[in-house]
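Okay, structure first, notes after.
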Amino acid sequence: MDLRIHKDLEGLSLEAAQIFFELACKKEKSAPPFTVALSGGSTPRTLYRILASEPYGKKIPWGDVQLFFGDERCVEPKHPDSNYRMVFDTLVSRVDIPGENIHRMEGELEPASAAARYEEYLKKFFGERGLVDEATGMPVFDLVLLGLGDDGHTLSLFPGTRALAEEKRLVKENFVESLLSWRLTLTLPVVNAASTVVFLVSGEAKAKVLKELVTGARGSAPYPAGRVRPVTGRLIWLVDKEAARLLCERK
Ligand code: 6PG
2 MDLRIHKDLE GLSLEAAQIF FELACKKEKS APPFTVALSG GSTPRTLYRI LASEPYGKKI
62 PWGDVQLFFG DERCVEPKHP DSNYRMVFDT LVSRVDIPGE NIHRMEGELE PASAAARYEE
122 YLKKFFGERG LVDEATGMPV FDLVLLGLGD DGHTLSLFPG TRALAEEKRL VKENFVESLL
182 SWRLTLTLPV VNAASTVVFL VSGEAKAKVL KELVTGARGS APYPAGRVRP VTGRLIWLVD
242 KEAARLLCER K
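Going by my numbering, the sequence shown opens with residue 2, and the numbers climb by one from there.
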């Protein structure tokens with residue numbers, strides 16, 4: 002497991018920014034654009050702020066960067082809970098990226114319709130550019146950024162929810178009982194087709210679940226986050242000391 006422990010959230014976010022930058026710049030001019038599925042929640046805010054600031058804000062070739070969303074809450078884009086709004090406020094509004102490079106999930110629509118529309122959009126965008134895994138037909142993101150919930154969820158793939166079992170669809174509406182709300186989420190087959198997947202995990206609240214993920218303590222019934230296993234891509238865990246606190250614990 003490629004697990005990298007940093008002093009704090011700033012430290013792990015700086016490494017995530019460098020990974021983003023290097024992948025974005027690696028693309029040849031004539032190559033397809035750099036495609037990223039962004040994580041929601043609060044942890045990645047620091048990363049997005051760093052990407053919008055010097056040196057990255059001016060060095061990243063934003064015209065060649067295509068920003069997608071890993072998941073979305075079923076709310077209007079201006080709603081305080083909207084992942085799109087969080088990304089717009091922390092990153093998009095602060096860098097010179099063309100509006101057509103931002104591909105939001107339409108959380109304001111009826112969930113099943115929003116999921117189907119985003120799925121069709123992904124198929125078209127990635128299909129037209131030949132960015133599809135021949136074996137599975139899944140779109141191949143250059144980078145997928147993920148967070149981790151203290152219940153082991155990632156994206157909006159919560160334990161015991163229907164979207165977890167999805168093997169064919171790319172995007173699913175998902176009713177989350179514990180939140181009593183609908184979400185939109187990429188499915189595991191899409192995440193596991195990506196070239197690079199990076200988890201960003203910060204804080205004491207994640208220490209127990211991270212330890213169980215690292216030690217495989219859940220065995221046959223892994224957490225949703227434990228089912229992120231890129232078929233051919235890289236999986237990197239960027240965590241801070243607080244989240245890693247139990248990893249160093251003597252047995
Ligand atoms: C979301 C995220 C979700 C998040 C985890 C961790 O839309 O909320 O996609 O999966 O990454 O809940 O959230 P924090 O970073 O706020 O702890």
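Ideal Cβ positions, reconstructed from N, Cα and C, are used throughout, including at glycine.
Taking DSSP as the reference, what is the three-state secondary structure of R170?
-> Three-state DSSP puts R170 in coil, outside helix and strand.
Note the first and the last residue of the continuous alpha helix (DSSP H) segment covering A25.
-> According to the DSSP assignment, A25 belongs to the alpha helix (DSSP H) that extends over L10 to K27.
Short Cβ contact (8 Å threshold) for I149 with V141 = This sequence places Leu at residue 149; Ile is not what is there. No, the Cβ-Cβ distance between L149 and V141 is not below 8 Å.
Extent of the continuous beta strand (DSSP E) to which L239 belongs | Where L239 is concerned, the enclosing beta strand (DSSP E) stretches over R235 to D241.
Which whole-angstrom value describes the C-beta separation of L247 and A208, a residue pair presumed to lie in contact below a C-beta threshold of 8 Å?
-> A Cβ-Cβ distance of about 5 Å is found for the pair L247 and A208, placing them in contact under the 8 Å criterion.
Nearest-angstrom Cα separation, counted from A194 out to Y119 | In a straight line, the C-alpha of Y119 is about 17 Å away from that of A194.
If you pair each beta-carbon of the segment 89-96 with each one of the segment 48-60, do three or more pairs fall below 8 Å?
-> At 8 Å Cβ cutoff, the stretches touch.
Taking only runs of the beta strand (DSSP E) that begin and end inside the segment 169-210, which ones reach a length of at least 3 residues, in chain order?
-> Those beta strand (DSSP E) runs which fall completely within the segment 169-210 and span 3+ residues are 172-177, 182-187 and 197-202.
Ends of the alpha helix (DSSP H) at T91?
-> Looking at the DSSP string, the run of the alpha helix (DSSP H) that includes T91 is N84 to T91.
Nearest-angstrom Cα separation, counted from L156 out to L181 | Taking the Cα positions, L181 is about 16 Å away from L156.
For V199, count neighbouring C-beta atoms within 10 Å of its own C-beta (all shown protein chains included) and say buried if the count is 16 or more, exposed if not.
-> The C-beta of V199 has 16 or more other C-beta atoms within 10 Å across all chains shown, which makes the residue buried.
Can you list, in chain order, the residues of its chain whose CB lies under 7 Å from that of M106, leaving out five sequence neighbours each side?
-> Sequence-distant partners of M106 (beyond 5 residues in either direction) whose C-beta falls short of 7 Å from its own C-beta, in its chain, are F70, E73, A115, Y119 and L185.
When we look at the beta-carbon of V66 and count the other beta-carbons within 10 Å, is it buried (16 or more) or exposed?
-> Buried, since its Cβ has 16 or more Cβ neighbours within 10 Å.
Do three or more CB pairs link the segment 124-138 to the segment 12-32 at distances below 8 Å?
-> Too few Cβ pairs lie closer than 8 Å, so no.
Taking G254 and T197 to be in contact with their CB atoms under 8 Å, please state how far apart those CB atoms are, rounded to whole angstroms.
-> Residue 254 cannot be examined here, being either before or after the span of the chain that is shown, 2 to 252.
Selection from C75, P223, L13 and D82 that minimises the alpha carbon distance to P45 | With respect to the C-alpha of P45, the residue from C75, P223, L13 and D82 having the closest C-alpha is L13.
Please confirm whether any heavy atom of the ligand 6PG lies closer than 7 Å to the CB of T233.
-> Within 7 Å of the C-beta of T233 there is not a single heavy atom belonging to the ligand 6PG.
Beta-carbon proximity check, E1 vs L239, cutoff 8 Å = Any question about residue 1 goes unanswered here, given that the chain covers just 2 to 252.
Could you tell me how far apart the beta carbons of K242 and K8 are, in whole angstroms, since I believe they sit closer than 8 Å?
-> 6 Å between Cβ atoms; contact.
Where are the alpha helix (DSSP H) runs, 4 residues long or more, that stay fully inside the segment 45-79, in chain order?
-> With a minimum length of 4 residues, the continuous alpha helix (DSSP H) runs that stay inside the segment 45-79 are 45-53 and 57-60.
Straight-line gap, G217 to P223 (C-alpha atoms, nearest Å) = A direct Cα-Cα distance of roughly 8 Å separates G217 from P223.
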